[in-house]
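Participant: Chains as they are written, first to last, in the working numbering: chain A, 1 to 470; chain B, 471 to 940.
We put the beta carbon where it would ideally sit given N, CA and C, even for glycine.
All values reported here derive from a predicted model rather than from experimental measurement.
Mind having a look at this structure? Questions to follow.
2 protein chains.
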Amino acid sequence: MDNAAFRRYGHAFVDWLADYFENIEKLPVKSKTLPGDLLSRLPASAPTDGESMDEIFKDFRELIMPGISHWQHPAWFAYFPANNSPPSVLAEMLTAGLGSQCMSWQTSPAATELEERVMDWLRQMIGLPPEFSGVIQDTASTASLCALLSAREYATGFTANQKGTNEPLVVYASTEAHSSIEKGVKIAGLGKDNLRLIQTRDDFSMCPESLAKAIEEDLGSGLKPACVVATLGTTSSMAMDPVEAVADICKQYGLWLHVDAAFAGTAAVDPNHRWFMKGTENCDSFVFNPHKWMLTNFDCSAYFVRDPEILLRTLGMQPEYLKTAADTEVKNYRDWGIQLGRRFRALKLWFVVRSYGTGGIRKMVNRHITMAKDFSARVDSDKCFELMAPRQLSLVCFRYKPGDTDEEGLNQINQQLMERVNATGEVFLTHTVLRGKYTLRLSVGQRTTSARHIQQAWQLIKEASQQITV
Amino acid sequence: MDNAAFRRYGHAFVDWLADYFENIEKLPVKSKTLPGDLLSRLPASAPTDGESMDEIFKDFRELIMPGISHWQHPAWFAYFPANNSPPSVLAEMLTAGLGSQCMSWQTSPAATELEERVMDWLRQMIGLPPEFSGVIQDTASTASLCALLSAREYATGFTANQKGTNEPLVVYASTEAHSSIEKGVKIAGLGKDNLRLIQTRDDFSMCPESLAKAIEEDLGSGLKPACVVATLGTTSSMAMDPVEAVADICKQYGLWLHVDAAFAGTAAVDPNHRWFMKGTENCDSFVFNPHKWMLTNFDCSAYFVRDPEILLRTLGMQPEYLKTAADTEVKNYRDWGIQLGRRFRALKLWFVVRSYGTGGIRKMVNRHITMAKDFSARVDSDKCFELMAPRQLSLVCFRYKPGDTDEEGLNQINQQLMERVNATGEVFLTHTVLRGKYTLRLSVGQRTTSARHIQQAWQLIKEASQQITV
Numbered sequence: 001m002d003n004a005a006f007r008r009y010g011h012a013f014v015d016w017l018a019d020y021f022e023n024i025e026k027l028p029v030k031s032k033t034l035p036g037d038l039l040s041r042l043p044a045s046a047p048t049d050g051e052s053m054d055e056i057f058k059d060f061r062e063l064i065m066p067g068i069s070h071w072q073h074p075a076w077f078a079y080f081p082a083n084n085s086p087p088s089v090l091a092e093m094l095t096a097g098l099g100s101q102c103m104s105w106q107t108s109p110a111a112t113e114l115e116e117r118v119m120d121w122l123r124q125m126i127g128l129p130p131e132f133s134g135v136i137q138d139t140a141s142t143a144s145l146c147a148l149l150s151a152r153e154y155a156t157g158f159t160a161n162q163k164g165t166n167e168p169l170v171v172y173a174s175t176e177a178h179s180s181i182e183k184g185v186k187i188a189g190l191g192k193d194n195l196r197l198i199q200t201r202d203d204f205s206m207c208p209e210s211l212a213k214a215i216e217e218d219l220g221s222g223l224k225p226a227c228v229v230a231t232l233g234t235t236s237s238m239a240m241d242p243v244e245a246v247a248d249i250c251k252q253y254g255l256w257l258h259v260d261a262a263f264a265g266t267a268a269v270d271p272n273h274r275w276f277m278k279g280t281e282n283c284d285s286f287v288f289n290p291h292k293w294m295l296t297n298f299d300c301s302a303y304f305v306r307d308p309e310i311l312l313r314t315l316g317m318q319p320e321y322l323k324t325a326a327d328t329e330v331k332n333y334r335d336w337g338i339q340l341g342r343r344f345r346a347l348k349l350w351f352v353v354r355s356y357g358t359g360g361i362r363k364m365v366n367r368h369i370t371m372a373k374d375f376s377a378r379v380d381s382d383k384c385f386e387l388m389a390p391r392q393l394s395l396v397c398f399r400y401k402p403g404d405t406d407e408e409g410l411n412q413i414n415q416q417l418m419e420r421v422n423a424t425g426e427v428f429l430t431h432t433v434l435r436g437k438y439t440l441r442l443s444v445g446q447r448t449t450s451a452r453h454i455q456q457a458w459q460l461i462k463e464a465s466q467q468i469t470v
Numbered sequence: 471m472d473n474a475a476f477r478r479y480g481h482a483f484v485d486w487l488a489d490y491f492e493n494i495e496k497l498p499v500k501s502k503t504l505p506g507d508l509l510s511r512l513p514a515s516a517p518t519d520g521e522s523m524d525e526i527f528k529d530f531r532e533l534i535m536p537g538i539s540h541w542q543h544p545a546w547f548a549y550f551p552a553n554n555s556p557p558s559v560l561a562e563m564l565t566a567g568l569g570s571q572c573m574s575w576q577t578s579p580a581a582t583e584l585e586e587r588v589m590d591w592l593r594q595m596i597g598l599p600p601e602f603s604g605v606i607q608d609t610a611s612t613a614s615l616c617a618l619l620s621a622r623e624y625a626t627g628f629t630a631n632q633k634g635t636n637e638p639l640v641v642y643a644s645t646e647a648h649s650s651i652e653k654g655v656k657i658a659g660l661g662k663d664n665l666r667l668i669q670t671r672d673d674f675s676m677c678p679e680s681l682a683k684a685i686e687e688d689l690g691s692g693l694k695p696a697c698v699v700a701t702l703g704t705t706s707s708m709a710m711d712p713v714e715a716v717a718d719i720c721k722q723y724g725l726w727l728h729v730d731a732a733f734a735g736t737a738a739v740d741p742n743h744r745w746f747m748k749g750t751e752n753c754d755s756f757v758f759n760p761h762k763w764m765l766t767n768f769d770c771s772a773y774f775v776r777d778p779e780i781l782l783r784t785l786g787m788q789p790e791y792l793k794t795a796a797d798t799e800v801k802n803y804r805d806w807g808i809q810l811g812r813r814f815r816a817l818k819l820w821f822v823v824r825s826y827g828t829g830g831i832r833k834m835v836n837r838h839i840t841m842a843k844d845f846s847a848r849v850d851s852d853k854c855f856e857l858m859a860p861r862q863l864s865l866v867c868f869r870y871k872p873g874d875t876d877e878e879g880l881n882q883i884n885q886q887l888m889e890r891v892n893a894t895g896e897v898f899l900t901h902t903v904l905r906g907k908y909t910l911r912l913s914v915g916q917r918t919t920s921a922r923h924i925q926q927a928w929q930l931i932k933e934a935s936q937q938i939t940v
């Protein structure tokens, strides 16, 4: 494809995207495709001769699009949001075109320095103290793995990298912590047997007394407590672990404290919602995902560490072919993470923060929280429904509870309810299980979601519930 | 920013990108910026109020662009290429706009099925047998980490995930293996002490006899050999480990064989260059990076495994909030890698392979190899220069060797030569050290590189060499 063709198709794609954004509400939020539908329509082998972009683009629209679930749809209430925005999409176009590889300062000086600056903007925006340094990771999974590895090296006097993970180091997180923590513990060679899932309080937040007790027990058994992962905004119910109390315990026992605020972190941009950050000034590492709730295209995860030296000693590598004359003066972010190769992710973050300003981001966060409050009030005032956890920020956990159905029946009914609602294509929400109870989650966070969509979601849920035979 | 503004700026950005591609040769390949140049020009804090896209775009052009090293410049001969192409950039626009999160089939059914199909295309294209299954990873660093973890679990009967890495497992790779292998060994908790760097033969490829001897020694010491990483196309000199011989040794001792063909893999698309793949049919895992030499935007790394069950048992996680009704019928690629979140990377791969066809990719590979051969011949026929390793595929390792300068002097001279050549902004190449000798690398692989650029690079190197006082 020559440059003139790129220009022509580029314009066509921009128009297609703008039309897509304009008409997205006409599409089913959750794709109605069935397993294998697309697979069976794709040729078994690659073509030998090149095909025209007209043909490829046609297939994109006719074959791929029906199999897309629309994460940017205003009625996307499933999982957590991964909201993007026009400035972010525009920045991604430039990132793709430049095709920069941002592993070292030398390979893309502006990318490194923009990342350093924009990450310091983010640090200030969420209220972390100046001693924290930031780096962009792809996902919170990876950032939390970096934290666990740093904790491992710190606890072993930086010997595990050299000798392997020989002594049993113990990691603590609540029963509601994200699956990536268990996965990280396994990857780091620490072993799931050495992960203590601490029980939670009524609001699904970590119980600090249980944490202290577990640490004491492990010390008593001759094990070596190494790290606590506190969650701000658990995936199931947006519970907030009491970081201040947890930090005190970590200080007392000399443990690494990692805070996983993957979703909730963005809310800290508004000082009125920043209460949950209390104590994070004492953590060792902190992650939140601008790619969830901060209008920035996936992937973009913001990882902050108190002492970059520990991260560098844990993950730094200096092979000859990567050495440069500038190494003593600059940051080489390849040593701040798992991967060597790095995309130019700072650009979209810079575009987004400048386009919206901190004021614009606060406004969006408040808008979403207000809508969640409204939905929560509807649930709370309906005698056939109940809230399953305190509404926190933009997530509402609830279930349908007709008459005197038993727990098993309620679990079945609510699963049916969710499937029925999602099948309309008008709305998409997902579930979790809280203390054995099947729970529906309505997570508000798309850029274009408005009160009308919340009202419609509630109406659909009500209607569907009335069609279910108990 | 509203949709009309997105449309307007989208068109402006497409035109800017097309102009950039057209005029890229007027820009210095390697940015002439100095450490701190950009940082000092960026405000210390984020704005409260949103700024206009005109202003942001202006700053992008005036502040960011001078700090960009142009990976897509036809005179980029540094490191390895990370070439992109118009169809890939177009696909990235769509990926960004859709903003899909591709962790599970349900979250993006078409993305999952397209990935399955396109990865099978790639498998056929490079000649791996049908029993291999593919998944897209971000980088070879991550793919190789998945391989090391799979080997760890396999060698411990799937107990390391549960109990931690308790027994000393040994990993083998050549002294020329990529730094990501040592990094992966550390991350997986295996310990650098348990990584044996096997000596290489004259051509910098792993010596299989030394490998067998090292395994025997470790067995004799009561250690547990677990994994061999063979490299096809080492970073320093594109050496090809003898996979067939290595695979025989792995079979004999029951070791996991991972093949890192991050760069060279693309050459296997042409059966005439596929000789180095011999023996890969017996490996357990294999990685190559379409984002290096296959016209596909970074990041896109193709990881193939013989037995996906091992990968799934190593990395699978089933938290309640991710369970879906389709789970028994579909692939959920989140369980095939480190990260939970996943971008829609299959789209660009599909666009690229269809646009160029396997024939087009072969043609490009051959064009690059021919140019490297040409450069190699120039070096070889000049009595003031010498080749430092056999020219393999598209990489030429060489140095300037005037008169009877001693080795230390040659190291200094060649570093000066590289810096002088790069300072012209006309060309960018990087170095390595081979057996203690400072070596310049000319790596050919940009889509738009032509014979003229090779000729110019040689001329610049010759001229610069004549300006150096020995």
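Where do the ends of the beta strand (DSSP E) carrying B:Thr701 lie?
Facilitator: From DSSP, the beta strand (DSSP E) with B:Thr701 extends over Lys694 to Thr701.
Participant: Does B:Met710 get closer than 8 angstroms to chain A when you measure Cβ to Cβ?
Facilitator: Judged by the 8 angstroms Cβ criterion, B:Met710 is not in contact with chain A.
Participant: Report the residue ranges of all alpha helix (DSSP H) runs contained in full by the segment 343-423 of chain A; include only those spanning at least 4 residues, in chain order.
Facilitator: Within the segment 343-423 of chain A, the complete alpha helix (DSSP H) runs of at least 4 residues are 346-380 and 407-423.
Participant: For the alpha helix (DSSP H) that A:Arg196 lies in, which residues bound it at each end?
Facilitator: That residue, A:Arg196, is in no alpha helix (DSSP H); its beta strand (DSSP E) goes Leu195 to Ile198.
Participant: Identify each residue in the segment 877-909 of chain B for which the Cβ-Cβ distance to at least one residue of chain A is less than 8 angstroms, and report them in chain order.
Facilitator: Here the close residues are Glu889, Thr900, His901, Thr902 and Val903.
Participant: DSSP three-state label for A:Arg472, please.
Facilitator: Outside the shown range of chain A (1 to 470) lies residue 472 of chain A, about which nothing can therefore be said.
Participant: Could you name the residues of the segment 50-64 of chain A whose beta carbon sits closer than 9 angstroms to any beta carbon of chain B, in the order they occur along the chain?
Facilitator: Within the segment 50-64 of chain A, the qualifying residues are Gly50, Glu51, Ser52, Met53, Glu55, Ile56, Phe57, Asp59, Phe60, Leu63 and Ile64.
Participant: Whole angstroms are fine: how far does the CA of A:Asn366 sit from the CA of A:Asp218?
Facilitator: If you take the alpha carbons of A:Asp218 and A:Asn366, they lie about 42 angstroms apart.
Participant: What are the boundary residues of the alpha helix (DSSP H) that A:Val171 is part of?
Facilitator: Note, A:Val171: premise wrong, no alpha helix (DSSP H); beta strand (DSSP E) at Leu169 to Ser174.
Participant: Which one of B:Thr909, B:Phe845 and B:Gln886 has the shortest CA to CA distance from B:Ala859?
Facilitator: For B:Ala859, the nearest C-alpha among the options comes from B:Thr909.
Participant: Starting from A:Val288, trace the alpha helix (DSSP H) both ways and give me its first and last residue.
Facilitator: The sequence shown places Phe at residue 288 of chain A, rather than the Val named in the question. A:Phe288 -> not in any alpha helix (DSSP H); beta strand (DSSP E) instead, spanning Ser285 to Phe288.
Participant: What is the DSSP secondary structure of A:Leu63, reduced to helix, strand or coil?
Facilitator: Three-state DSSP puts A:Leu63 in a helix.
Participant: Going along chain A in order, which residues have a C-beta closer than 9 angstroms to the C-beta of B:His481?
Facilitator: In chain order: Gly10, His11, Val14 and Asp15.
Participant: Measuring alpha carbon to alpha carbon, tell me which of B:Ser603, B:Asn892 and B:Asp711 ends up nearest B:Ala647.
Facilitator: B:Ala647 has its Cα closest to that of B:Asp711, out of B:Ser603, B:Asn892 and B:Asp711.
Participant: Using only the alpha-carbon positions, how far apart do B:Phe550 and B:Thr902 sit?
Facilitator: Approximately 12 angstroms, taken between the alpha carbons.
Participant: Taking only beta-carbon atoms, is B:Ala796 less than 8 angstroms away from chain A?
Facilitator: So yes, B:Ala796 belongs to the interface.
Participant: Under 8 angstroms between C-beta atoms, does B:Val605 make it to chain A?
Facilitator: So, not an interface residue.
Participant: Please report the residue range of the alpha helix (DSSP H) in which A:Leu145 lies.
Facilitator: That run of the alpha helix (DSSP H) goes Ala140 to Ala155.
Participant: Starting from A:Tyr356, find everything on chain B with Cβ-Cβ shorter than 8 angstroms and list it in chain order.
Facilitator: Going along chain B in sequence order, the residues near A:Tyr356 (Cβ under 8 angstroms) are Gly520.
Participant: Compute the Euclidean distance between the alpha carbons of B:Lys932 and B:Gly879, then round it to the nearest angstrom.
Facilitator: Their backbone Cα atoms lie some 18 angstroms apart in a straight line.
Participant: Relative to the C-alpha of A:Thr95, which candidate in A:Arg345, A:Arg391, A:Gly360 and A:Arg378 has its C-alpha closest?
Facilitator: Checking every option, the nearest Cα to that of A:Thr95 belongs to A:Arg345.
Participant: Name the two residues that bound the continuous beta strand (DSSP E) containing A:Thr430.
Facilitator: Unbroken beta strand (DSSP E) run through A:Thr430: Thr430 to Leu434.
Participant: Establish whether the CB of A:Pro319 and some CB of chain B are separated by less than 8 angstroms.
Facilitator: Yes - at least one Cβ of chain B is within 8 angstroms of the one on A:Pro319.
Participant: Give a yes or no on contact between the segment 698-708 of chain B and the segment 717-734 of chain B, applying the rule of three or more CB pairs nearer than 8 angstroms.
Facilitator: As far as the Cβ criterion goes, the segment 698-708 of chain B touches the segment 717-734 of chain B, which means the pair count is three or higher.
Participant: Kindly indicate which three-state DSSP category B:Ser423 falls into: helix, strand or coil?
Facilitator: Given a span of 471 to 940 for chain B in the structure shown, any question on residue 423 of chain B remains unanswerable.
Participant: Give a yes or no on whether 8 angstroms exceeds the smallest Cβ distance from A:Pro390 to chain B.
Facilitator: A:Pro390 does not count as touching chain B.
Participant: List in chain order: all unbroken beta strand (DSSP E) runs of 3+ residues lying wholly within the segment 251-332 of chain A.
Facilitator: DSSP runs (the beta strand (DSSP E)) wholly in the segment 251-332 of chain A: 256-260, 285-288 and 301-305.
Participant: Is any beta-carbon of chain B found at less than 8 angstroms from that of A:Phe351?
Facilitator: Answer yes: the Cβ-Cβ gap between A:Phe351 and chain B drops below 8 angstroms somewhere.
Participant: So if DSSP puts A:Leu442 in a beta bridge, which residue, or which two residues, is it bridged to?
Facilitator: A:Val396, per the DSSP bridge assignment.
Participant: Which word fits A:Trp275, buried or exposed, when buried means at least 16 other C-beta atoms lie within 10 angstroms of its C-beta?
Facilitator: Label assigned to A:Trp275: exposed.
Participant: Which residue wins for smallest C-alpha separation from B:Lys871, given the options B:Val822, B:Lys853, B:Lys653 and B:Ser522?
Facilitator: Selected option, being the one with the closest Cα: B:Lys853.
Participant: DSSP on A:Gly53, reduced to helix/strand/coil?
Facilitator: Reading off the sequence, residue 53 of chain A comes out as Met, not Gly. Helix, per DSSP.
Participant: Under three-state DSSP, which class holds B:Ile938?
Facilitator: B:Ile938 falls in the coil class under three-state DSSP.
Participant: Under 8 angstroms by Cβ, that's how I've got B:Glu652 and A:Met317 pegged, so tell me the actual separation to the nearest angstrom.
Facilitator: The pair is a contact, with the Cβ atoms about 7 angstroms apart (cut-off 8 angstroms).
Participant: Among the residues of its own chain, which have a CB less than 6 angstroms from the CB of B:Ser578, if the five just before and after it don't count?
Facilitator: Only Ser570 and Cys572 meet the Cβ criterion.
Participant: Taking 8 angstroms as the cut-off, does the segment 184-198 of chain A touch the segment 659-667 of chain B (at least 3 CB pairs, one atom from each stretch)?
Facilitator: Contact holds: three or more Cβ-Cβ distances are below 8 angstroms.
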